[in-house]
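To keep things clear, I will list the structure first and then write my remarks on it.
Residue numbers (the working numbering): 213 to 518.
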């Protein structure tokens, strides 16, 4: 039995068939790119680092999904799919635009739900009302990029919103009965182990269903890379990150589903840290560490869920 509440295991119980997320670039932008709040995005941002070849905004949503199905269907012909609106901010439009794009995805055969990645400053009451309605008909997850619960850090990475904005969006979404997810990054400039563990209790108090935790990667060509080259800041070794992550997980409530723990970007894009490790190998080492140190999710959790 795993020492954390694994999202993949939950998903296999939630559906009676195998499901796979298919990443989409639906042509949205971001207020931190279009000039509304800034230009160039957050300092760490490079969507190409985690976008597969079939995720291409020059193709229609239907074509991207068809190409993704062809990629995965060779191995698992009975697979079903979740359309993952992943690139940029996928609620950053009016409701009718969102309706057209989401429903195009849901019209594709074998697509059984949506995962919508976005920013907490890109949702309105009208958008959440629509997503609530949609979630009563089909499986929907809204996933927010929170990144940090420290406002100084959010300013450093040019995020364009504060933590209160993240908290408000998550509470508003979860209160509508929508599956609500968040993404955080450990090891951001200025955040040491003590600060990360403080934030574990803050994040754990949110009414989240699922959480993604990633280590910081410095990707070539980003503003973060220029910051790192000009004035290097600490980045975690594999062992150091596993130690931090194990303690972080132990401070999260056990009913919170955990989806991912690492970024896996093309090696030629990674400036630091260069681990050369696949996700499966990392998870094995994490589980070994947690077992050897008698740690499990929830062991040290003290925060009350909102």
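Where a beta carbon is used, it is the ideal one built from N, C-alpha and C, also for glycine. Please read all numbers here as calculations on a predicted model, not as lab measurements.
- Residue 424 is bridged by DSSP to 395 and 472.
- Counted as a single uninterrupted DSSP element, the stretch harbouring residue 294 is not any alpha helix (DSSP H) but the beta strand (DSSP E) occupying residues 292-297.
- Between residue 426 and residue 475, the CB-CB gap stays under 7 Å.
- When the Cα atoms are used, residue 344 and residue 220 turn out to be separated by approximately 23 Å.
- Only buried fits residue 392, as 16 or more other CB atoms lie within 10 angstroms of its CB.
- Residue 492 and residue 471 have their alpha carbons spaced roughly 13 Å apart.
- In the DSSP assignment, residue 355 forms a beta bridge with 329 and 393.
- Judged by DSSP secondary structure, residue 343 falls within the alpha helix (DSSP H) whose first and last residues are 337-347.
- Nearest to residue 498 by C-alpha distance, out of 488, 461, 483 and 374, is 461.
- Residue 277 and residue 297 do not touch by the CB rule: their CB atoms are close to 11 Å apart, not below 8 Å.
- Per DSSP, reduced to three states, the secondary structure at residue 484 is strand.
- Annotated three-state conformation of residue 246 is coil, per DSSP.
- With contacts defined by Cβ atoms closer than 7 Å, residue 397 and residue 428 form a contacting pair.
- Only exposed fits residue 451, as fewer than 16 other CB atoms lie within 10 angstroms of its CB.
- Just measuring C-alpha positions, the residue of 234, 244, 477 and 224 sitting nearest residue 357 is 244.
- For residue 213, no beta strand (DSSP E) encloses it, and the DSSP letter there is neither H nor E.
- In the three-state DSSP reduction, residue 234 falls in the strand class (E or B).
- Using a C-beta cut-off of 8 Å, the region 247-259 makes contact with the region 370-385, since at least three inter-stretch Cβ pairs fall below that distance.
- The continuous alpha helix (DSSP H) containing residue 280 extends over residues 273-285.
- DSSP, reduced to helix, strand and coil, places residue 431 within a strand of the structure shown.
- Here residue 401 has 368 and 445 as same chain residues with Cβ atoms under 6 Å from its own Cβ, once five neighbours each way along the sequence are excluded.
- From the listed residues 254, 216 and 490, the smallest Cα separation to residue 434 is found for 254.
- Between the region 410-422 and the region 227-245 there are fewer than three inter-stretch CB-CB distances shorter than 8 Å, so the stretches are not counted as touching.
- Collapsing the DSSP output to three states places residue 307 in a helix.
- DSSP places residue 218 in the strand class (E or B) of the three-state scheme.
- Taking a contact as a CB-CB distance under 8 Å, the pair residue 513 and residue 465 counts as one, their CB atoms being some 5 Å apart.
- Taking a contact to require three or more Cβ pairs closer than 8 Å, the region 282-291 and the region 376-392 do not qualify as touching.
- Within the DSSP secondary-structure output, residue 323 pairs in a beta bridge with 293.
- In the three-state scheme derived from DSSP, where H, G and I count as helix and E and B as strand, residue 443 is classed as coil.
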